[in-house]
Ligand SMILES: *[C@@H]1O[C@H](CO)[C@@H](O)[C@H](O)[C@H]1NC(C)=O
Ligand SMILES: *[C@@H]1O[C@H](CO)[C@@H](O)[C@H](O)[C@H]1NC(C)=O
């Protein structure tokens with residue numbers, strides 16, 4: 001049997017969970033529920049959402065993506081600011097290879113992936129970039 005205190009704690013915990021679940025932005029275009037074993041880049045690659053966009057839309061995720069919780073709802077993109085044209089970085093990729101293979105202007109690539117530095121030297125295999133050929137109007 002639960003004591004009253006345990007029950008109250010459980011009720012508070014349940015309320016916290018439902019508060020988190022209700023936390024998706026009203027203008028969320030796509031959502032996903034975190035599964036055991038997920039990583040941010042795995043979610044990004046599977047669901048066509050850039051590494052930048054996933055982090056930008058879900059500021060509750062920490063910088064190392066170490067705090068995903070099973071069952072946690074994530075928004076994958078905001079309506080009107082949702083890049084679903086993506087590419088997963090491979091070993092050996094660089095700015096020139098990317099702009100040529102993905103047919104996107106370098107300025108557009110850099111504008112849509114503000115986490116990437118101007119010479120693309122900080123990209124890494126498994127990172128997911130938005131490769132849309134128009135600028136996505138991300139709200140700051
Ligand atoms: C999440 O997406 C599903 C289907 O894609 C939709 O039915 C549901 O309403 C969405 N949830 C929220 C909170 O936006
Ligand atoms: C991701 O994009 C690829 C290439 O356009 C497409 O084949 C695939 O169905 C997309 N996956 C999802 C989950 O949207």
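Residue numbers (full-length UniProt numbering): 1 to 140. All C-beta atoms, glycine included, are put in the ideal place defined by N, C-alpha and C.
Checklist line | residue 58 CB to nearest heavy atom of ligand 1 below 6 Å | finding: no
Notebook entry, point to check: Thinking C-beta only, is residue 79 closer than 7 Å to residue 29?
Noted result: yes
Item checked: Lining residues of ligand 2 - beta-carbon closer than 6 Å to any non-hydrogen atom, in sequence order -> 47, 48
Notebook entry, point to check: DSSP three-state call for residue 112: helix, strand or coil?
Noted result: helix
Notebook entry, point to check: Span of the beta strand (DSSP E) holding residue 29?
Noted result: 28-33
Notebook entry, point to check: Do residue 50 and residue 75 come within 7 Å of each other at the CB atom, strictly closer than that value?
Noted result: no
Next item on the list: Identify, in the order they occur along the chain, each residue of the same chain with its Cβ nearer than 8 Å to the Cβ of residue 105, setting aside the five sequence neighbours on each side.
Entry: 99, 133
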